[in-house]
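Residue numbers for the sequence shown follow the UniProt record's numbering, so the first one is 1 and each next one is one higher. For glycine and all other residues, C-beta sits at the position ideal for the given N, C-alpha and C. Quantities reported herein were computed from a predicted structural model and do not represent experimental measurements.
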Amino acid sequence: GNLANNTMGRGGGRGGAKHSKNNCAGSVFTSYERNLDKSSEGYGTVNQRLGADSIKDYDVCSLTLQPCRDPVITPHGILYDREAILAYILKEKQRIAEETAAYHTAHKNDAVGKLKRKKEEESEAVRKFEETECGVLPMKKQKQEDIKEARQFDTMDGKELKKGVFKAAGSALGHKSILEGETLNRSAKDACFWIPDLTPETKSTVPSEAPSDKVMCPISGKHLKLKDLVAVKFTPVDKDKAGNAAGQASADRYMCPITKKGLSNSVPCAVLRTTGHVICMDLVPIIKKDMLHPITGDKLKEKDIIPVQRGGTGFAGAGVELQATKVNPAMRAF
């Protein structure tokens, strides 16, 4: 009997032991439970190690991530499909044209608005001058003890506005001072904000500089010109299988025309600007000795050798960042 009572007192046997191991049993939100919730709900920064299947091949378009049908390369070694990069450049030019037109329109409207406000201020100043000269009695000298500060309470801002220390000569007869009339007029305009003529204007948001007319490379972020694109000529491994090159592995599709070595992400390569041939980087030091094209024999310059930006092999020693990071909202526990 005592043994049974002790067992029931500890939690009711098997049911109590199981309940004590649940995440909701404790009164403290532990670090383990926090990490479980973060991983399941997607809170906090998430890091993921990338494998070889997540890395772009050397011969695929940087925009479509598909094997290039008509490959072109930028001076910085970024490979694109001609159709994809031309569509991107056209879309960017349209966006730049729209932003430029919107900028000039806003700038013109802002200038017209400033001129209109300036004319309104000038006309208001003329009106006040005429009222002061013609419509108000001259000021009288008063004793110092009779001078009082005229104040008007602004119901919109909840502040007490200081208007002046002099009263008009006809104020005893019911006339309002000039400053008081101006304050009431201003308060009336602020209170009747729903009237179209009295709607407060927003501050000008026109940028100080016009948008740039340069198209930037979507990968490198550098200036991209259509005339700088170089057509790339890959050498197929077997000319009989050239028609099915898009369905083969990248290591079996192309090779170096000089060394006959298969090209892949593990084999650095470069493009010769003058002809577009893709060669292994092992030949570049040899070519730089004479600066002659290895196939045509033409004279080359330093800028004619463009290293191809490849994706890497999936190993840590390939020199490519293999960790993807996604920043999510932080989890808050109350």
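I'd like to check one pair, Leu322 with Thr74: are the Cβ atoms closer than 8 Å?
No, Cβ-Cβ distance for Thr74 and Leu322 is not below 8 Å.
Alpha-carbon spacing of Glu92 relative to Val215, whole angstroms:
Taking the straight line joining both Cα atoms gives about 6 Å.
With respect to 7 Å, is the separation between the Cβ of Val267 and the closest non-hydrogen atom of the ligand FAD below this value?
This structure does not include the ligand FAD; it has no bound ligands of any sort.
Have a look at Ala101 and Arg95 and give me their C-alpha separation to the nearest angstrom.
For Ala101 and Arg95, the distance between alpha carbons rounds to 10 Å.
Following the continuous alpha helix (DSSP H) through Gln94, name the residue where it begins and the one where it ends.
Where Gln94 is concerned, the enclosing alpha helix (DSSP H) stretches over 82-134.
Is the separation between the beta-carbon of Glu218 and that of Tyr88 shorter than 8 Å?
The displayed chain sequence assigns Pro, not Glu, to residue 218. Yes, they are a contact pair.
Rounding to the nearest angstrom, what Cα-Cα distance links Lys167 and Glu120 in this structure?
Bear in mind that the predicted position of Lys167 carries a pLDDT of just 42, short of 50, making it too unreliable to give a figure here.
For Met331, count neighbouring Cβ atoms within 10 angstroms of its own Cβ and tell me buried if that reaches 16, exposed if not.
By the 10 Å Cβ count, Met331 comes out exposed.
How many angstroms separate the CA atom of Tyr58 from the CA atom of Asn47?
In a straight line, the C-alpha of Tyr58 is about 25 Å away from that of Asn47.
Cut-off 6 Å between Cβ atoms - residues of its own chain near Asp37, not counting five sequence neighbours on either side
Nothing listed; no residue qualifies.
Who does Cys269 pair with in a DSSP beta bridge?
The partner list for Cys269 (beta bridge, DSSP) reads Cys280.
Extent of the continuous alpha helix (DSSP H) to which Arg34 belongs
It spans 31-41 - the alpha helix (DSSP H) in which Arg34 sits, taken as one unbroken run.
Boundaries (first-last residue) of the beta strand (DSSP E) holding Pro307
305-307 is the span of the beta strand (DSSP E), which, as asked, contains Pro307.
Opposing strand residues paired with Lys326 [DSSP bridges]:
Val46, per the DSSP bridge assignment.
Can you tell me where the beta strand (DSSP E) holding Pro294 begins and where it ends?
From DSSP, Pro294 is part of no beta strand (DSSP E); its letter is neither H nor E.
Thinking just about the alpha-carbon of each residue, which of Ala210, Lys225, Pro294 is nearest to the one in His104?
If we check each option's Cα against that of His104, Ala210 comes out closest.
By Cβ distance below 7 Å, which residues in the same chain neighbour Tyr80 in space, the five residues on each side in sequence not counted?
Closer than 7 Å at Cβ, skipping near neighbours: Cys61, Ser62, Leu63, Val72.
Measure the alpha-carbon distance for Leu292 versus Val271 and round it to whole angstroms.
Distance between the alpha carbons of Leu292 and Val271: 14 Å.
Taking a contact to mean a Cβ-Cβ separation below 8 Å, would you say Val284 touches Val232 in this structure?
Val284 is not a Cβ neighbour of Val232, given a cutoff of 8 Å.
Closest Cα partner of Gly276 within the set Ile287, Asp304, Asn265, Asp213:
Taking only the C-alpha atoms, the option nearest Gly276 is Asp304.
Alpha-carbon to alpha-carbon, Thr235 and Arg69
Rounded to the nearest whole angstrom, the CA to CA distance from Arg69 to Thr235 is 13 Å.
Nonlocal neighbours in the same chain, by C-beta distance under 6 Å from Val327, ignoring five residues either side:
Excluding sequence neighbours, Val327 sits near Thr45.
Terminal residues of the beta strand (DSSP E) in which Ile73 lies
Secondary structure note for Ile73: its beta strand (DSSP E) is the uninterrupted segment 71-73.
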